[in-house]
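Sequential numbering from 3 applies to the sequence shown in the numbering used here. Just so you know, even glycine gets a beta-carbon here, dropped at the ideal spot from N, CA and C. No experiment lies behind these values; they were computed from the predicted model shown.
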Amino acid sequence: MQITEILTDHTLMALDLRSTADYPIRFYLDIMDQFDQAGIHWHWHPEVEFNVITRGKIEYYVENEHHTLSAGQGIFKNANILHMAQPALETPNAEMFSVILDPVFIAPVQSVIYHKYVAPFLGSQGLRSLLLSPNISWQQEILDTLCQAYDLSQKKTGAYELHIHQLLCRVWQAMAEHIRELPRHDLTAGQRTDQVRAKQMMLFLQTHFREKITLDQVAGAANVSRNTCLTCFRRVLGLSPMEYLITYRLEQAAHLLLTSDLPVAQIADTCGLGDASYFGKLFRRKTNLSPTQYRQHKRTI
Numbered sequence: 003m004q005i006t007e008i009l010t011d012h013t014l015m016a017l018d019l020r021s022t023a024d025y026p027i028r029f030y031l032d033i034m035d036q037f038d039q040a041g042i043h044w045h046w047h048p049e050v051e052f053n054v055i056t057r058g059k060i061e062y063y064v065e066n067e068h069h070t071l072s073a074g075q076g077i078f079k080n081a082n083i084l085h086m087a088q089p090a091l092e093t094p095n096a097e098m099f100s101v102i103l104d105p106v107f108i109a110p111v112q113s114v115i116y117h118k119y120v121a122p123f124l125g126s127q128g129l130r131s132l133l134l135s136p137n138i139s140w141q142q143e144i145l146d147t148l149c150q151a152y153d154l155s156q157k158k159t160g161a162y163e164l165h166i167h168q169l170l171c172r173v174w175q176a177m178a179e180h181i182r183e184l185p186r187h188d189l190t191a192g193q194r195t196d197q198v199r200a201k202q203m204m205l206f207l208q209t210h211f212r213e214k215i216t217l218d219q220v221a222g223a224a225n226v227s228r229n230t231c232l233t234c235f236r237r238v239l240g241l242s243p244m245e246y247l248i249t250y251r252l253e254q255a256a257h258l259l260l261t262s263d264l265p266v267a268q269i270a271d272t273c274g275l276g277d278a279s280y281f282g283k284l285f286r287r288k289t290n291l292s293p294t295q296y297r298q299h300k301r302t303i
């Protein structure tokens with residue numbers, strides 16, 4: 003399955019990536035150049051996710067962590083973790099596939115397998131993400147196994163559901179056997195509070211991005227001070243509220259460039275980006291194309 007936009011609710015939870023209760027795993031092909039907003043914007047979901055890069059380079063952000071992944075590499079992201087992705091500037095045609103699964107796909111919650119091998123990954127959210135490198139043998143095995151599972155999900159031949167289940171259990175087994183080697187970042191109560199506040203402020207920015215927004219207004223959305231607002235954003239996302247706002251405005255502008263015939267100057271004004279000249283400068287910095295070039299390029303794909 004291929005998607006070009008991720009819809010979220012008022013908490014930034016993805017609405018259209020959810021697996022189903024009877025088969026709690028989904029596979030997606032993500033061609034970055036075809037996303038309506040020039041990438042995958044910030045979101046989270048209660049399922050865990052694996053991504054394998056199949057072409058080009060992709061910039062990945064998992065809360066305040068930043069990774070540049072190349073073809074052949076992959077990443078695991080834990081449940082309920084904010085993340086986003088965009089193509090690296092030099093490879094706008096970057097591509098990856100995603101495997102999103104509810105951990106109960108591995109084993110039922112009440113089972114010994116779940117409590118012994120699944121729950122330790124999920125309980126404290128200590129493991130936010132894990133880079134998967136082809137240079138580490140057990141991680142290369144995971145990457146190869148994920149590729150097999152993705153291929154089966156597309157062909158759907160034979161008892162493919164059983165085979166996919168076997169493959170994902172093999173992936174999880176490899177992670178469980180190397181759990182002591184995995185990076186842990188156990189969240190404190192303060193860090194969990196930061197996550198809640200950051201989501202509240204991000205929602206405010208997304209709701210009012212067309213307007214002139216002050217830092218006091220952003221802080222007020224989470225009932226915190228200006229200083230707390232700034233440090234909270236830095237700790238959770240690794241950027242300031244205004245940097246996030248500009249990025250979100252550019253995403254919305256990119257969407258309008260592709261879905262409307264509005265003049266560039268009107269799009270800039272609609273998205274709170276000032277005049278066409280300033281908008282063009284910011285947009286070129288993000289995409290390496292002018293707004294007009296971006297519109298023409300995308301519409302010829």
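Exposed unless 16 or more other CB atoms sit within 10 angstroms - verdict on residue i
{"i": "residue 315", "result": "There is simply no residue 315 to check, as the chain begins at 3 and stops at 303 in what is shown."}
{"i": "residue 212", "result": "exposed"}
{"i": "residue 297", "result": "buried"}
{"i": "residue 287", "result": "exposed"}
{"i": "residue 256", "result": "buried"}
{"i": "residue 96", "result": "buried"}
{"i": "residue 2", "result": "In the structure as shown, the chain starts at 3 and stops at 303, and residue 2 therefore has no counterpart that could be examined."}
{"i": "residue 32", "result": "buried"}
{"i": "residue 158", "result": "exposed"}
For residue i, the residue or residues it bridges with in DSSP
{"i": "residue 22", "result": "25"}
{"i": "residue 217", "result": "For residue 217, which the question treats as bridged, DSSP gives no partner whatsoever."}
{"i": "residue 33", "result": "97"}
{"i": "residue 15", "result": "46"}
{"i": "residue 10", "result": "16"}
Own chain, CB closer than 8 Å to residue i, minus 5 neighbours either side, in chain order
{"i": "residue 227", "result": "221"}
{"i": "residue 262", "result": "269"}
{"i": "residue 264", "result": "258 and 272"}
{"i": "residue 203", "result": "220, 221, 223, 224, 231, 234, 235 and 243"}
{"i": "residue 15", "result": "45, 46, 47 and 48"}
{"i": "residue 154", "result": "162, 165, 166 and 169"}
{"i": "residue 1", "result": "Limits of the chain in this structure are 3 at one end and 303 at the other, which puts residue 1 out of reach."}
{"i": "residue 68", "result": "61, 62 and 240"}
Cut-off 6 Å between Cβ atoms - residues of its own chain near residue i, not counting five sequence neighbours on either side
{"i": "residue 275", "result": "251 and 281"}
{"i": "residue 107", "result": "26 and 27"}
Sequence-distant residues of its chain with Cβ nearer than 7 Å to residue i (five each side left out)
{"i": "residue 22", "result": "none"}
{"i": "residue 134", "result": "75, 76, 77, 78, 141, 144 and 145"}
{"i": "residue 72", "result": "55 and 59"}
{"i": "residue 294", "result": "266"}
{"i": "residue 199", "result": "224, 226 and 234"}
Is the region 135 to 153 in contact with the region 106 to 116, if contact means three or more CB pairs nearer than 8 Å?
-> no
Residue ranges of each beta strand (DSSP E) within the region 40 to 120, 3 or longer = DSSP runs (the beta strand (DSSP E)) wholly in the region 40 to 120: 42 to 45, 50 to 57, 59 to 64, 67 to 72, 76 to 79, 85 to 89 and 97 to 103.
Do the region 231 to 238 and the region 174 to 182 meet, that is, are 3 or more Cβ pairs less than 8 Å apart?
-> no
Could I get the ranges of all uninterrupted beta strand (DSSP E) runs contained in the region 123 to 173, with 3 residues as the minimum, in chain order?
-> 131 to 134
Would you say the region 76 to 89 touches the region 48 to 63, given that touching needs at least three Cβ pairs under 8 Å?
-> yes
Complete runs of the alpha helix (DSSP H) confined to the region 230 to 294 [at least 4 residues] = 243 to 261, 266 to 272 and 278 to 289
Stretch pair the region 38 to 55 + the region 147 to 161: three plus CB contacts closer than 8 Å | Contact holds: three or more Cβ-Cβ distances are below 8 Å.
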